[in-house]
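Student: The structure under discussion is supplied below as structure tokens; questions concerning it will follow.
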Amino acid sequence: MPGSGKSTVGRQLARRLNFTFIDSDQEIEQRLGCSIREYFEREGEDRFRKIESEVLKELTQSKSGVLSTGGGTVLRPENRAWLHQHTQVFYLRTSPEEVFKRLRHDRNRPLLQVGDPLLKLQELFHLRDPLYREAAHHVVELNKPTIGAMVRKIIDILAAAETRSIPHDSSIQHKT
């Protein structure tokens with residue numbers, strides 16, 4: 009969801025893991041030479057989503073890093089499949105009401121420039137929640153934890169997953 013904390017948590021996570029952090033929205037804006045909102049208004053959502061898909065595939069070629077994707081990246085089935093197959097996806101699940109509290113004064117979110125932004129967020133949540141879950145390997149419920157607590161939770165999940173993936177082969181013998 010827009011405003012769920014992806015960029016903030018992602019930056020802190022990357023710092024803790026000593027990885028590169030990339031915000032796909034910032035990368036797209038840099039390439040377009042204008043804000044996403046301006047591009048949306050000028051070219052439309054379909055053109056933007058096509059560019060977003062191309063940039064996503066480019067950015068996920070690196071083997072180590074933390075990528076924060078735009079909230080609508082999951083709208084395209086090929087993006088969900090790509091993310092699930094080529095990355096470890098954490099869905100930072102936040103209620104529409106919490107997102108509204110964070111974004112109610114933000115004028116740079118094109119999809120929220122409507123008469124009732126809370127209703128729009130609720131609609132987005134009901135549409136996107138199953139899509140985020142489809143792409144995700146892990147769902148992290150955000151019940152107002154601190155950024156630090158969220159980062160620790162994600163690191164714990166990664167550590168547990170890494171431990172499970174280490175082969176335990178009792179047939180290995182040591183020769184002396």
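Oh and the sequence shown: position 170 is 178 in my numbering, straight run, nothing missing. Backbone N, C-alpha and C define an ideal beta-carbon position, used for all residues, glycine too.
Shortest alpha-carbon distance to L135 belongs to which of I36, L100 and G80?
Tutor: Nearest C-alpha to L135: G80.
Student: Considering only DSSP beta bridges, list what I30 is partnered with.
Tutor: For I30, which the question treats as bridged, DSSP gives the partners L75.
Student: At 4 residues or longer, what runs of the alpha helix (DSSP H) sit wholly inside the segment 102 to 177?
Tutor: The qualifying runs are 104 to 111, 125 to 143 and 155 to 173.
Student: Do G44 and V63 have their CB atoms nearer than 8 Å?
Tutor: Correcting the residue type first, residue 44 is Ile in the shown sequence and not Gly. Taking 8 Å as the Cβ cut-off, I44 and V63 do not qualify as a contacting pair.
Student: Which same chain residues, not among the five before or five after K65, have their C-beta less than 7 Å away from its C-beta?
Tutor: Excluding positions up to five away in sequence, the list reads W90.
Student: Starting from T16, trace the alpha helix (DSSP H) both ways and give me its first and last residue.
Tutor: Counting along the chain, the alpha helix (DSSP H) containing T16 begins and ends at K14 to L25.
Student: Cβ of L126 less than 8 Å from any chain B Cβ?
Tutor: No chain B appears in this structure, which consists of one protein chain only.
Student: Which same chain residues, not among the five before or five after V17, have their C-beta less than 7 Å away from its C-beta?
Tutor: The residues are L100, I155, M158 and V159.
Student: The alpha helix (DSSP H) with L64 in it runs from where to where?
Tutor: From DSSP, the alpha helix (DSSP H) with L64 extends over E53 to L67.
Student: Kindly indicate the opening and closing residues of the alpha helix (DSSP H) around Q96.
Tutor: First-last for Q96: undefined, no H or E at that position.
Student: Excluding the 5 residues preceding and the 5 following C42 in the sequence, name in chain order all residues of the same chain whose CB lies nearer than 6 Å to its CB.
Tutor: Nothing meets the Cβ criterion.
Student: So which of R88, V107, E46 and L83 has the shortest CA-CA distance to L150?
Tutor: Cα-wise, what sits closest to L150 is V107.
Student: Please report the Cβ distance between G73 and S32, rounded to the nearest whole angstrom; I am assuming they are in contact, meaning their Cβ atoms lie under 8 Å.
Tutor: Actually they do not touch by this definition, with Cβ atoms about 11 Å apart.
Student: Taking all protein chains shown into account, decide if K58 is buried (16 or more other Cβ within 10 angstroms of its Cβ) or exposed.
Tutor: Flag for K58 reads exposed.
Student: Within the same chain, show all residues whose beta-carbon is closer than 8 Å to that of P153, passing over the 5 residues directly before and after it, in chain order.
Tutor: If we look at P153 and ignore the five residues flanking it on each side, its Cβ neighbours are K161.
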